[in-house]
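*Asks:* Please read through the structure below; I'll follow up with questions.
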Amino acid sequence: MSDIAQAENFSDKTVIKVVGVGGAGGNAVNRMIAEGLQDVEFVAINTDAKDLMRSDADIKISLSDQTSRGLGAGADPEKGAKAAQDHQSDIEEALKGADMVFVTCGEGGGTGTGASPLVARAARQLGALTIAVVTRPFSFEGPRRSASADSGIENLRKEVDALIVIPNDRLLDLSDRSVSIIDAFKHADWALLAGVQGITDLISMNSYIHVDFSDVTAILKDAGTALFGIGSARGEDRATQAAEIAISSPLLEASIEGAHGVLLNVAGPTDLTMQEVAEASDLVRQAIHPEAQIIWGLALDDAYGDEVRVTVIAAGFDAKKATASSYRPVERKDVSVPDLPELRLSNGGNAGASQDSQPVQTAQPVQQPVQPIQPAPVAQPVQQQPVQPVQPVQPAADDTSERRIVPPSRVPDSDPDDLLDIPDFLR
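So for the sequence shown, UniProt numbering puts the first residue at 1; every next one is plus one.
As structure tokens, this is what we get:
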């Protein structure tokens, strides 16, 4: 067969499958479907038969057996893992033919925590680039669930090419105090959507300079820890402001400093200048390893209006861990970001509405086993002097030049860098 004939028979369409495992994973899949995530096949896997019935996924796999009777794993990861093991052939059948598989779940429960590593292992054994996008539980869900999540994340890390962890507490911190419990968990769904869509859009959207599947593979294959951020801005310095938001994103569990590989996509209207793109790229470059590989794409569409959007996926950290950064963003003006539900802009879709925001501080690591952040300076106690004999009381002198006021020694209640001042798009 000639090369031309082979080219005609070759399909360059990347087969992407998103697998939602457990209740949170299933909710995230439903959210992605409702938001119209394109060029993706959806799979829902659950031990809870009732929850699975509510799924809109193309393929549904019930992990129920005579023991669980379709009532869930009871927050027991061992039961979730055993159920996935018993249905391994069904899982493998659903994943066949995929070039890229996303495994998404909420860590800390039974099915998602226990079954996700087995789903990821099956995908990887079938040759798919396997990326997990998961959330850590809210603190109010208790220490036991948090400990279960930590264990589940480490088990999952061993079975995937890249792992993106989104801390739910970060989203809660950025929400109004009056946010309802339902909306708090919806924020987690939106975050999982953003993590998956940030990568799939790089491949599927019509771009002037295209990021293809091989580019994504070059950065994320066997990458370990990965971080994802997205930013959007309008007006003066829009490109650099969008890049700054992306590398300071609340979706980042840690800083991108030390990343050896970065996927960078800049999207905006056709009047976007080369200088703007260069400045945005340079800002990202300064925040990562000096010898990092950067693969970047450019999407131009007047549907963006005056908005510039920057997506950053960073990976390839030393010792597979993200580290805390000393990078601090500069003051921004006229910055706007899309509402989280409107993060999607595939194939020339409409850009999301924006709002003014205040300067963003760099996200600090959350529950990440990394080098600790250098604490803020602490006032030192006054050095004790030898006790002197009591002297007669003298009249107060007018000269106060020798008097010092020493603040009480205490540890600050919180690190100011942790008080993120993020735009309102998550509120």
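Even for Gly, the Cβ is constructed at its ideal location relative to N, Cα and C. Keep in mind it's a predicted model, so treat the numbers as computed, not measured.
For the beta strand (DSSP E) containing residue 60, list its first residue and its last residue.
*Replies:* Taking the first residue of the sequence shown as 1, we reach residue 60 at position 60. From DSSP, the beta strand (DSSP E) with residue 60 extends over 59-62.
*Asks:* Let me make sure I understand the geometry here. Which of 245, 302, 221 has the alpha-carbon closest to that of residue 124?
*Replies:* Here residue 124 refers to the residue found at position 124 when the sequence shown is read from its first residue. Comparing Cα positions, the closest option is 221.
*Asks:* Output needed for residue 50: all residues of its chain with C-beta closer than 6 Å, excluding positions within five of it in sequence on either side, in chain order.
*Replies:* For the purposes of this step, residue 50 is taken as the residue at position 50 of the sequence shown. Closer than 6 Å at Cβ, skipping near neighbours: no residue.
*Asks:* Given a threshold of 16 other Cβ atoms within 10 Å of its Cβ, counted over all protein chains shown, does residue 189 qualify as buried or as exposed?
*Replies:* Translated into positions along the sequence shown, residue 189 becomes position 189. With 16 or more other Cβ atoms within 10 Å, it is buried.
*Asks:* Thinking C-beta only, is residue 240 closer than 8 Å to residue 283?
*Replies:* As a working note, residue 283 is residue 283 in the sequence shown. As a working note, residue 240 is residue 240 in the sequence shown. Contact flag set, yes.
*Asks:* For residue 159, is the classification buried or exposed, using 16 other Cβ atoms within 10 angstroms of its Cβ as the cut-off for buried?
*Replies:* Position 159 of the sequence shown, counted from the start, is the residue given in the question as residue 159. Classification for residue 159: buried.
*Asks:* Cutting at 6 Å between CB atoms, please list the residues of its own chain near residue 268, excluding the five before and the five after it.
*Replies:* On the sequence shown, position 268 is the one that residue 268 refers to. Contacts found: 304, 308.
*Asks:* Which residue comes first and which comes last in the alpha helix (DSSP H) that contains residue 85?
*Replies:* Taking the sequence shown and counting its residues from 1, the one referred to as residue 85 is at position 85. Taken as a continuous stretch (DSSP letters only), the alpha helix (DSSP H) holding residue 85 covers 77-86.
*Asks:* If we ignore side chains and look at the alpha-carbon of each, how far apart do residue 59 and residue 42 end up?
*Replies:* Numbered from its first residue, the sequence shown carries residue 59 at position 59. Numbered from its first residue, the sequence shown carries residue 42 at position 42. When rounded, the distance between both Cα atoms is 7 Å.
*Asks:* Compute the distance between the beta-carbons of residue 480 and residue 193, then report whether it is under 8 Å.
*Replies:* Here the chain has residues from 1 to 427 only, and residue 480 is not among them.
*Asks:* Determine the extent of the alpha helix (DSSP H) in which residue 277 is found, giving its start and end residues.
*Replies:* For the purposes of this step, residue 277 is identified with residue 277 of the sequence shown, where counting begins at 1. Start and end: 274-287.
*Asks:* Of the choices 161, 57, 35, whose alpha-carbon is the least far from that of residue 25?
*Replies:* Numbered from 1 along the sequence shown, position 25 holds the residue referred to as residue 25. Taking only the C-alpha atoms, the option nearest residue 25 is 57.
*Asks:* Measuring alpha carbon to alpha carbon, tell me which residue in 286, 242, 17 is nearest residue 258.
*Replies:* Numbered from 1 along the sequence shown, position 258 holds the residue referred to as residue 258. Considering only alpha carbons, the answer is 286.
*Asks:* Check for me: the alpha helix (DSSP H) holding residue 47 runs from which residue to which?
*Replies:* Numbered from 1 along the sequence shown, position 47 holds the residue referred to as residue 47. Element bounds for residue 47: n/a, residue is neither H nor E.
*Asks:* Ordered along the chain, which non-local residues of its own chain (more than five positions away) have a Cβ less than 6 Å from that of residue 39?
*Replies:* Stepping through the sequence shown from its first residue, residue 39 is reached at position 39. If we look at residue 39 and ignore the five residues flanking it on each side, its Cβ neighbours are 204.
*Asks:* What's the call for residue 180, buried or exposed, on a 16-neighbour Cβ count within 10 Å?
*Replies:* For the purposes of this step, residue 180 is taken as residue 180 along the sequence shown, with counting starting at 1. Residue 180 comes out exposed.
*Asks:* Name the two residues that bound the continuous beta strand (DSSP E) containing residue 228.
*Replies:* By one-based count along the sequence shown, residue 228 stands at place 228. Start and end: 227-233.
*Asks:* Bridge partners of residue 257, per DSSP?
*Replies:* Translated into the one-based positions of the sequence shown, residue 257 becomes position 257. In DSSP, residue 257 forms no bridge with anything.
*Asks:* Thinking residue 300 and residue 277 are a contact (beta carbons under 8 Å), I'd like their distance in whole angstroms, please.
*Replies:* Here the question's residue 300 lines up with position 300 in the sequence shown. Here the question's residue 277 lines up with position 277 in the sequence shown. That belief does not hold up - the Cβ atoms of residue 300 and residue 277 are roughly 10 Å apart, past 8 Å.
*Asks:* Which residues does DSSP pair with residue 129 in a beta bridge?
*Replies:* Numbered from its first residue, the sequence shown carries residue 129 at position 129. DSSP output for residue 129 lists 100 as bridge partner(s).
*Asks:* DSSP puts residue 42 in a beta bridge; with which residues?
*Replies:* The count along the sequence shown starts at 1 and reaches residue 42 at position 42. Residue 42 pairs with 18.
*Asks:* Which of the three DSSP states is assigned to residue 112 in this structure?
*Replies:* For the purposes of this step, residue 112 is taken as residue 112 along the sequence shown, with counting starting at 1. If DSSP states are grouped into helix, strand and coil, residue 112 belongs with the helices.
*Asks:* Would you tell me roughly how many angstroms separate the C-alpha atoms of residue 114 and residue 78, rounded to the nearest one?
*Replies:* By 1-based counting over the sequence shown, the position of residue 114 is 114. By 1-based counting over the sequence shown, the position of residue 78 is 78. Rounded to whole angstroms, residue 114 to residue 78 spans 6 Å at the Cα level.
*Asks:* Could you tell me the distance, in whole angstroms, from the CA atom of residue 187 to the CA atom of residue 55?
*Replies:* Counted from its first residue, the sequence shown places residue 187 at position 187. Counted from its first residue, the sequence shown places residue 55 at position 55. Cα to Cα, the separation comes out at about 19 Å.
*Asks:* How far does the alpha helix (DSSP H) with residue 152 in it extend, from its first residue to its last?
*Replies:* Numbered from its first residue, the sequence shown carries residue 152 at position 152. It spans 143-157 - the alpha helix (DSSP H) in which residue 152 sits, taken as one unbroken run.
*Asks:* For my contact list, residue 156 and residue 128 are in at a C-beta cut-off of 8 Å; report their separation, rounded to the angstrom.
*Replies:* Here the question's residue 156 lines up with position 156 in the sequence shown. Here the question's residue 128 lines up with position 128 in the sequence shown. With a Cβ gap of about 15 Å, residue 156 and residue 128 do not count as contacting.
*Asks:* Please identify the residue among 273, 280, 275, 250 whose C-alpha is closest to the C-alpha of residue 264.
*Replies:* By one-based count along the sequence shown, residue 264 stands at place 264. With distances taken between Cα atoms, residue 264 lies closest to 280.
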